[in-house]
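Novice: Numbering of the sequence shown is given in the working numbering, commencing with residue 41 and proceeding in unit increments. Quick one: the structure is below, questions incoming.
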Amino acid sequence: MPTFSSSMQYSRQYYAEHGLGSILVFEYLYFLSQVPDGSNHMQEFWTLAVKEYQSSGIQNKVNESIQKAFEKCGNNVDALCPILVHIAKENQLSKILPRKD
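Here you go:
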């Protein structure tokens, strides 16, 4: 199981980083799986989606944005939630990375 968090301790920030990373990877996995010829290469797509998230700089950008959000808002969930949604929307891999066919 890949780790999407740069935090070494289990905290709300750790779960936010891992959760957003997972959402972004699954969203990109869905995008990659929409192959016109109907082929089903899920394991390859899964591996590619994780590698792209980790190597493209998006993971670092997301984790830095989450860290800044926690510094600004602390553990105030009401303040954090809209910021985390915004971070996810701004970093959708399907909108940033080219499609790999």
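Quick reminder that beta carbons are idealized off the backbone N, C-alpha and C, glycines included. Computed from a predicted structure; not experimentally measured.
#1: For Asn131, does the count of other Cβ atoms within 10 angstroms reach 16, so buried, or fall short, so exposed?
#2: If you follow the alpha helix (DSSP H) that Tyr50 is part of, which residue opens it and which one closes it?
#3: Please state whether the Cβ-Cβ distance between Leu64 and Ala109 is less than 8 angstroms.
#4: Specify, as a first and last residue, the run of the alpha helix (DSSP H) that His126 falls within.
#5: On a CA-only basis, which of Phe66, Asn103, Gly97, Val102 is nearest Phe85? Give me that one, please.
#6: Helix, strand or coil for His58? Go by DSSP, reduced to three states.
#7: Thinking just about the alpha-carbon of each residue, which of Ser134, Ile136, Leu124 is nearest to the one in Tyr55?
#8: Tell me whether Ala89 is buried or exposed, calling it buried when 16 or more other Cβ atoms sit within 10 Å of its Cβ.
Specialist: According to the data block:
#1: buried
#2: Counting along the chain, Tyr50 falls outside any alpha helix (DSSP H), and DSSP gives it neither H nor E.
#3: Leu64 places its beta carbon 8 angstroms or farther from that of Ala109.
#4: His126 -> alpha helix (DSSP H) spans 117–130.
#5: Phe66
#6: If DSSP states are grouped into helix, strand and coil, His58 belongs with the helices.
#7: Leu124
#8: By the 10 Å Cβ count, Ala89 comes out buried.
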